[in-house]
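A short worksheet on the structure shown next.
2 protein chains.
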Amino acid sequence: MTAEKKSAKAKAEPLDRNRIAQVALTLIDEQGIDQLSMRKLGGMLGVEAMALYHHFRNKAELLDGILDIILVDVAARLTPDGTPLERVRRTFDALRTIAIEHPHAFLSMVSRRFRTQVALKFYEQLLLLFHQAGLSPEQSGRYYRLMANFTVGAGVAEVGSRARQPDATPIILENFYSPEEFPRITEVMPFLRVSEIDQIYCSGMDILFTALKGELTQAVKRDALS
Amino acid sequence: MTAEKKSAKAKAEPLDRNRIAQVALTLIDEQGIDQLSMRKLGGMLGVEAMALYHHFRNKAELLDGILDIILVDVAARLTPDGTPLERVRRTFDALRTIAIEHPHAFLSMVSRRFRTQVALKFYEQLLLLFHQAGLSPEQSGRYYRLMANFTVGAGVAEVGSRARQPDATPIILENFYSPEEFPRITEVMPFLRVSEIDQIYCSGMDILFTALKGELTQAVKRDALS
DNA sequence: ACCTGAACACCGTTCAAGT
DNA sequence: ACCTGAACACCGTTCAAGT
């Protein structure tokens, strides 16, 4: 009986941080973040929950491990071609896809500070691109934050519409929604469909990049004069 | 003994949704979101946990109630003076202060869809301002989303630096951080201090509003020609 | 070194019962 | 209508013990 259970769950190789975090991510993707428990995760790995504590000090550290997996995945998709600014743009676009591919995980990842080597390395690489594009440290910091804010916000919004939320107030829009009560919402809703969201995100990034390039050419002009 | 406990917790008036949500918010502010439990909340109200289920169907609905409180609070701070666009700007600025005043609550609020009457009313009012500023429904939707994305992202970033996180990977920056390993991060860090964040947020909103006004004057010119 | 078992101190929620 | 008590099916984490 015990042997049967173990074989069914595939426990051949020994555990390691990466495999645990990987399985945890699938669990989150399939069942939502609050369905991730050390006990259930252990079950999926054919192991007692307590075995996991040999690889992660606690659940929070496991979440850091999941963030690492995602960042490595994002980094792997990035190609080194194009100008530095094009690469910056592609990096943020790739980060945004996390929200779409892992909606349940995204929310808990987004507020985590970069604490691991992997995360810091990712951050360093991204800032290097800003540097290569000719931005000063001050400009790099500012535009990194602006773009990160915007991308994170877009991701969060996307999560809201994609990930099923635990049933809260059952006053779902469709139930009680009267167009005459909320005329502006009614008017705007067609333009905020999931199908439009991507284009809106792009337009926002366009605005930020235009501003950035404006600052860069100004600097070039100043240099030419002096 | 039981009487002592009750009197200590002030249970004079009967419960109502608003008071429960209010106390829940203070609990979150003081102890963090994952310290909010129905049992503990009941304790603070001098009541058994199960009594709360008479006012909220479940914990998720309680969170909706907290969001309502916050939105009412934000709305109360807004004055009706100035141009519609100025009022839009002040609305987002006020929303941002939530992240600063309720960092622990912010994260769980930000991904909640607007399901309650209160939240929809707030949304309607905000979209009305866009309308009054002369934006088309498409423009209203787009700029609402752009500004909301940006503000939410800024809030999330702020939460990351303000709200204490459960101890995860103990590789805190200071511990292992070697400037030569992460030169770009080192360079940029001084410009991303908490004291600078506010200014960066403002610069981002400035960029968005400049773009918005650009679209508006273009439309005016088109109208004049035709 | 890596995993188990039992235990501790908690959860959200249901349900029948009290007033 | 509003609250209680007991119960169910869970949690994260500690700690001593096994191999």
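Top line first, the protein sequences correspond to chains A and B. Going by my numbering, the first sequence opens with residue 5, and the numbers climb by one from there. Going by my numbering, the second sequence opens with residue 5, and the numbers climb by one from there. C-beta: ideal position from N, C-alpha, C; glycine also.
What did DSSP end up calling residue i once you bin it into helix, strand or coil?
| i | result |
| --- | --- |
| H106(B) | coil |
| R119(B) | coil |
| N153(B) | helix |
| E184(B) | coil |
| D77(A) | helix |
| D264(B) | Residue 264(B) lies beyond the residue range present for chain B, which begins at 5 and ends at 230; the question has no answer from this structure. |
| A228(A) | helix |
| D85(A) | coil |
| L212(B) | helix |
| A98(A) | helix |
| A161(B) | helix |
| R61(B) | coil |
| P18(B) | coil |
| G69(A) | helix |
| S207(A) | helix |
| A167(B) | coil |
| L133(A) | helix |
| L220(B) | helix |
Evaluate residue i with the Cβ neighbour count: other Cβ atoms within 10 Å of its Cβ, from every protein chain shown; 16 or more gives buried, anything less gives exposed.
| i | result |
| --- | --- |
| S182(B) | exposed |
| P107(B) | buried |
| T83(A) | exposed |
| G138(B) | exposed |
| I211(A) | buried |
| A228(B) | exposed |
| T87(B) | exposed |
| E65(A) | buried |
| V224(A) | exposed |
What first and last residue would you give for the alpha helix (DSSP H) that runs through residue i?
| i | result |
| --- | --- |
| Y57(A) | First-last for Y57(A): undefined, no H or E at that position. |
| N22(A) | R21 to Q35 |
| G46(A) | M42 to M48 |
Would residue i and residue j qualify as a contact pair, given that the criterion is a beta-carbon distance under 8 Å?
| i | j | result |
| --- | --- | --- |
| L150(B) | G208(A) | yes |
| A53(A) | V78(A) | no |
| L45(B) | V27(B) | yes |
| G159(A) | V92(A) | no |
| H59(A) | L111(A) | no |
| L29(B) | M42(B) | no |
| F213(A) | F154(B) | no |
| E142(B) | F186(A) | no |
| G47(B) | G157(A) | no |
| A103(A) | E162(A) | yes |
| L131(A) | R188(B) | yes |
Which same chain residues, not among the five before or five after residue i, have their C-beta less than 8 Å away from its C-beta?
| i | result |
| --- | --- |
| Y127(B) | F118 |
| I176(A) | Low confidence applies here, because I176(A) scores a pLDDT of 49, under 50, leaving its location unreliable; read the following figure in that light. If we look at I176(A) and ignore the five residues flanking it on each side, it has no Cβ neighbours. |
| L67(B) | S112, M113 and R116 |
| Q136(B) | P88 |
Among the residues of its own chain, which have a CB less than 7 Å from the CB of residue i, if the five just before and after it don't count?
| i | result |
| --- | --- |
| F134(B) | V92, S144, Y147 and Y148 |
| A123(A) | L71, D72 and L75 |
| Y205(A) | R100 and A158 |
So, at 6 Å on beta carbons, what are the nonlocal neighbours of residue i in its own chain, with the 5 sequence-adjacent residues on each side left out?
| i | result |
| --- | --- |
| I32(B) | L40, H108 and A109 |
| G69(B) | R21 and A25 |
| P166(A) | At residue 166(A) the sequence reads Arg, which differs from the Pro that was named. Excluding residues within five positions, the ones whose Cβ falls inside 6 Å are P107. |
| T120(B) | D68 and D72 |
| T190(A) | P183 |
| G36(A) | H108 |
| R61(B) | none |
Any heavy atom of the ligand NAD closer than 7 Å to the Cβ of residue i?
| i | result |
| --- | --- |
| S140(B) | Within the structure as shown, the ligand NAD is missing, as the structure has no ligands at all. |
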